[in-house]
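A quick write-up on the structure given underneath.
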Amino acid sequence: RVHGQGSDKYENVRVGVNSRLDTIQAAILIEKLKIFPEEIEMRERLAKRYTDAFRGSNRVKPPHVIEDAQSSWAQYTIQVPDRDKLAADLKAKGIPTAIYYPTPLSHQKGYAHFPSIGTPVSDRICKHVLSLPMHPYLDEDTQDRIIAAVLESAGAA
1 RVHGQGSDKY ENVRVGVNSR LDTIQAAILI EKLKIFPEEI EMRERLAKRY TDAFRGSNRV
61 KPPHVIEDAQ SSWAQYTIQV PDRDKLAADL KAKGIPTAIY YPTPLSHQKG YAHFPSIGTP
121 VSDRICKHVL SLPMHPYLDE DTQDRIIAAV LESAGAA
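When we follow our numbering, the leftmost residue of the sequence shown carries the number 1, and every step to the right adds one.
Structure representation (structure tokens):
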């Protein structure tokens, strides 16, 4: 069930794949696939709103999707200078956040037997990333509240 997981969900002690899909999950997935294109479009609109709002700030770096590619926007992860302060400020306002990749894979126990080549970009970025609420049913008032709170805390300039 938690193949390769160590003491917490972000510690990988073995390299592998978690690809379980039981009957109940399969039944739900069949139904969700019917609305998948619509949900991706809704996520795309939300990501565009976030990106447009943060583009003018030199303190909030929105994610970048390369040309001719499409993101499913499973997460919307920004980079900010003081990630922990922003996360605390947003939490105080009732806005959940997540840090999905607190440690680069190259530093995980499951990869310890591979040669260390250094990962300075990953090492730097993982200290500054913060994921904002991202789902297709996030209403515009809540989106506006999240955007305003991020810009207020991180600094709009």
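A virtual CB, placed ideally from N, CA and C, is assigned to each residue, including glycine.
Point to revise | Buried/exposed call for Ile-30, threshold 16 Cβ in 10 Å | key: Working through the sequence shown from its first residue, we reach residue 30 at position 30. Of the other Cβ atoms in all chains shown, fewer than 16 fall within 10 Å of the Cβ of Ile-30; this residue is therefore exposed.
Review point. If you drop the 5 nearest sequence neighbours on each side, which residues of the same chain put their C-beta closer than 7 Å to that of Arg-49?
Key: Sequence index remark: in the sequence shown, residue 49 carries index 49 (1-based). Excluding positions up to five away in sequence, the list reads Gln-143.
Exercise for review: Return the CA-CA distance between Asp-139 and Ile-147, expressed in angstroms with no decimal places.
Suggested key: By one-based count along the sequence shown, residue 139 stands at place 139. By one-based count along the sequence shown, residue 147 stands at place 147. Cα-Cα distance, rounded: 12 Å.
Review point. Sorted by chain position, which residues of the same chain lie with C-beta nearer than 6 Å to Leu-90's C-beta, five sequence neighbours on each side aside?
Key: Start at 1 with the first residue of the sequence shown, and residue 90 comes out as number 90. Excluding residues up to 5 positions away in sequence, Thr-97 and Ala-149 lie with their Cβ nearer than 6 Å to the Cβ of Leu-90 in the same chain.
Point to revise | Reference Val-121, options Ala-112, Leu-132, Phe-114 and Thr-103, closest by Cα | key: On the sequence shown, position 121 is the one that residue 121 refers to. Nearest of Ala-112, Leu-132, Phe-114 and Thr-103 to Val-121, Cα basis: Thr-103.
Exercise for review: Find out if the Cβ-Cβ distance for the pair His-128, Arg-83 is shorter than 8 Å.
Suggested key: The residue given as residue 128 occupies position 128 in the sequence shown. The residue given as residue 83 occupies position 83 in the sequence shown. Against a cut-off of 8 Å, the Cβ pair of Arg-83 and His-128 comes out as a contact.
Check your understanding: Which one or two residues does DSSP pair with Ile-78 in a beta bridge?
Key -> Position 78 of the sequence shown, counted from the first residue, corresponds to residue 78. DSSP, once it has assigned bridges, lists Leu-130 as partnering Ile-78.
Review point. What are the partner residues of Ala-98, as DSSP defines its beta bridges?
Key: For the purposes of this step, residue 98 is identified with residue 98 of the sequence shown, where counting begins at 1. In the DSSP secondary-structure assignment, Ala-98 is bridged to Ser-131.
Check your understanding: So what does DSSP say about Lys-61, is it helix, strand or coil?
Key -> Taking the first residue of the sequence shown as 1, we reach residue 61 at position 61. Secondary structure at Lys-61: strand, using DSSP grouped into helix, strand and coil.
Point to revise | Assigned secondary structure, Ile-30 (DSSP; H/G/I helix, E/B strand, else coil) | key: Reading the sequence shown from its first residue, position 30 is the one you call residue 30. Three-state DSSP puts Ile-30 in a helix.
Practice item. To the nearest angstrom, report how far apart Ala-27 and Tyr-137 are at their CA atoms. Key: Start at 1 with the first residue of the sequence shown, and residue 27 comes out as number 27. Start at 1 with the first residue of the sequence shown, and residue 137 comes out as number 137. One C-alpha to the other measures close to 21 Å.
Practice item. Taking only heavy atoms of the ligand MN into account, decide whether any of them is closer than 7 Å to the Cβ of Lys-109. Key: As for the ligand MN, it is missing from this structure, which has no ligand bound.
Point to revise | Straight-line Cα distance separating Ile-24 from Pro-37 | key: As a working mapping, residue 37 is identified with position 37 in the sequence shown. As a working mapping, residue 24 is identified with position 24 in the sequence shown. The straight-line gap from Cα to Cα measures roughly 22 Å.
Exercise for review: Taking 8 Å as the cut-off, decide whether the C-beta atoms of Leu-130 and Val-80 are in contact.
Suggested key: As a working note, residue 130 is residue 130 in the sequence shown. As a working note, residue 80 is residue 80 in the sequence shown. Cβ distance < 8 Å, so Leu-130 and Val-80 count as in contact.
Practice item. Measure the Cβ-Cβ separation of Glu-41 and Trp-73 and say whether it is below 8 Å. Key: Counted from its first residue, the sequence shown places residue 41 at position 41. Counted from its first residue, the sequence shown places residue 73 at position 73. The answer is no: Cβ separation not under 8 Å.
Point to revise | Length of the line joining the Cα atoms of Ala-92 and Arg-145 | key: Taking the sequence shown and counting its residues from 1, the one referred to as residue 92 is at position 92. Taking the sequence shown and counting its residues from 1, the one referred to as residue 145 is at position 145. In a straight line, the C-alpha of Ala-92 is about 13 Å away from that of Arg-145.
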